[in-house]
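Undergrad: This is the structure I have questions about; it appears just below.
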Amino acid sequence: MSGVPRRFWGSPIRYLRWAAHEKPAIFWSIVIGGTGPASFAFIPPLRRYFGDVDPARIPLTYPVPRGPRKIPEGFDDPE
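Under UniProt numbering, the first residue of the sequence shown carries the number 1, and numbering increases by one thereafter.
So this is what it looks like as structure tokens:
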């Protein structure tokens with residue numbers, strides 16, 4: 001296993017071609033996983049370009065109505 005890092009830095013394209021043929025699951029997992037951090041820079045502008053807008057913020061407080069409180073009627077216990 002000691003020759004693997006040396007081979008990679010010596011000729012990375014050749015090593016990646018070898019890894020794609022000999023260990024495809026690991027190779028494509030690394031390729032797809034490597035696109036994750038890049039998506040933070042590219043996905044938001046693409047969303048806006050195609051017309052997707054950010055949703056409205058969720059209110060964190062309940063709106064307090066103005067004026068006196070109206071007491072509901074018709075829900076009293078029968079006497």
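Just so you know, even glycine gets a beta-carbon here, dropped at the ideal spot from N, CA and C. Fair warning: this is a prediction, and the values are worked out from it, not measured in the lab.
Which value, in whole angstroms, describes the spacing of the CA atoms of Tyr49 and Ala41?
TA: Going by the C-alpha atoms only, they are around 14 Å apart.
Undergrad: What residues in its chain sit with their C-beta under 6 Å from that of Ala20, if we drop five residues either side in the sequence?
TA: Once the five neighbours on either side are set aside, the close Cβ partners of Ala20 are Phe27.
Undergrad: Distance, Cα to Cα, Arg47 vs Phe75?
TA: When rounded, the distance between both Cα atoms is 50 Å.
Undergrad: Could you give the residue range of the alpha helix (DSSP H) that holds Glu22?
TA: Taken as a continuous stretch (DSSP letters only), the alpha helix (DSSP H) holding Glu22 covers 12–22.
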